[in-house]
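The block underneath contains the structure these notes are about, expressed in structure tokens.
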Amino acid sequence: MQTNSDIRALARQDLSGNWTQPVLATLVYTLITGAISSIPYVGFIANLLVGLPLGYSFYLLFLKFVRGEKENMVPRLFDCFKDYGKSFGISFMVFLYTLLWSLLLIVPGIIKSLSYSMSFFISEDHPEYSIDECITTSMKMMDGHKMDLFLLILSFIGWFLLSILTLGIGLLWLIPYMYTSIAHFYEQLKAEHPQG
Numbered sequence: 004m005q006t007n008s009d010i011r012a013l014a015r016q017d018l019s020g021n022w023t024q025p026v027l028a029t030l031v032y033t034l035i036t037g038a039i040s041s042i043p044y045v046g047f048i049a050n051l052l053v054g055l056p057l058g059y060s061f062y063l064l065f066l067k068f069v070r071g072e073k074e075n076m077v078p079r080l081f082d083c084f085k086d087y088g089k090s091f092g093i094s095f096m097v098f099l100y101t102l103l104w105s106l107l108l109i110v111p112g113i114i115k116s117l118s119y120s121m122s123f124f125i126s127e128d129h130p131e132y133s134i135d136e137c138i139t140t141s142m143k144m145m146d147g148h149k150m151d152l153f154l155l156i157l158s159f160i161g162w163f164l165l166s167i168l169t170l171g172i173g174l175l176w177l178i179p180y181m182y183t184s185i186a187h188f189y190e191q192l193k194a195e196h197p198q199g
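To convert, count from 1 in the sequence shown and add 3; that's the numbering used here.
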């Protein structure tokens, strides 16, 4: 596994000259999920039914991005509706398991969210896997690497604080940078676990 600095460098290399599509996809995703969440009375349910699958697609956009698919990211954000059962099912179960662990205490919830973090990528690479197999495989792959991913995410804290100073506008660039880095993290993890 490369260092966090190396992983971020790979992400910057991918994004160099290619920021427009990731930023637009982030903007569209943020606007849609924000609008859904603000719907009176039914916002939470709408976010579960639409926001979770969109989150699944959004996550996968960046795996495909690091693999060379750098165009048409906004239309591909809606790929989740082509196989709604799969995208909703896995995103809901990851959300539910994380929520249940979080009810115990925040720390177990964070640990489990890191364990489940590769589930969407695994689902993309192994369409034959069931939802449980994707989640279980993620847990196996992340065994011994949860702290690595936590530190990678934590390394963006300075950029996050700067983004807040821009009234959140900077997040349109930070989120693609972070998600591209996580996709590279998965690619390296997968190389160590070819069965994953």
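Every residue gets a Cβ at the ideal spot worked out from N, C-alpha and C, and that includes glycine.
Grab me the residues of Gly-112's own chain with a C-beta within less than 7 Å of its C-beta, minus the 5 sequence neighbours each way, in chain order.
Thr-101, Trp-104, Ser-105
Nearest neighbour of Lys-149, chosen from Ala-12, Trp-22, Ser-120 [CA to CA]:
Ser-120
Using 8 Å as the threshold, is the C-beta distance between Tyr-87 and Pro-56 below it?
yes
Where Gly-54 falls, given that 16 or more other Cβ within 10 Å makes a residue buried
buried
Delimiting residues of the alpha helix (DSSP H) encompassing Leu-64
55–69
Which residue spans inside the stretch 11–48 form an unbroken alpha helix (DSSP H) run of at least 4?
23–40
How about Ser-60 and Asp-82: do their beta carbons lie closer than 8 Å?
yes
Simplified DSSP assignment, three categories, for His-187
helix
Quick one: Cα of Trp-22 to Cα of Thr-183, how far?
11 Å
Helix, strand or coil for Ser-126 per DSSP?
helix
Please state if the CB of Leu-80 and the CB of Pro-179 are separated by a distance shorter than 8 Å.
no
Quick check: the Cα distance between Lys-73 and Gln-24, rounded to an integer number of angstroms?
7 Å
Can you give me the C-alpha to C-alpha distance between Ala-28 and Gly-147, rounded to a whole angstrom?
32 Å
With a CB to CB cut of under 6 Å and the five nearest residues on each side skipped, what residues in its chain are close to Thr-36?
Gly-54
Gly-71 classed as buried or exposed, judged by whether at least 16 other C-beta atoms fall within 10 angstroms
exposed
Just confirm the distance between the C-beta atoms of Leu-30 and His-187, as a whole number of angstroms; I'd bet it's less than 8 Å.
Contact doesn't hold; Cβ gap of about 22 Å is too wide.
Within its chain, find whatever has a CB closer than 6 Å to the CB of Val-97; leave out the 5 residues flanking it on each side and keep chain order.
Tyr-119, Ser-122
Quick one: measure Cβ to Cβ for Asn-7 and Ser-141, integer angstroms, because I've assumed they're closer than 8 Å.
With 8 Å as the limit, Asn-7 and Ser-141 do not qualify as a contact, their Cβ atoms being about 20 Å apart.
Quick one: what does DSSP say Tyr-132 is sitting in, helix, strand or coil?
coil
How far does the alpha helix (DSSP H) with Thr-6 in it extend, from its first residue to its last?
That residue, Thr-6, is in no alpha helix (DSSP H); it is neither H nor E in DSSP.
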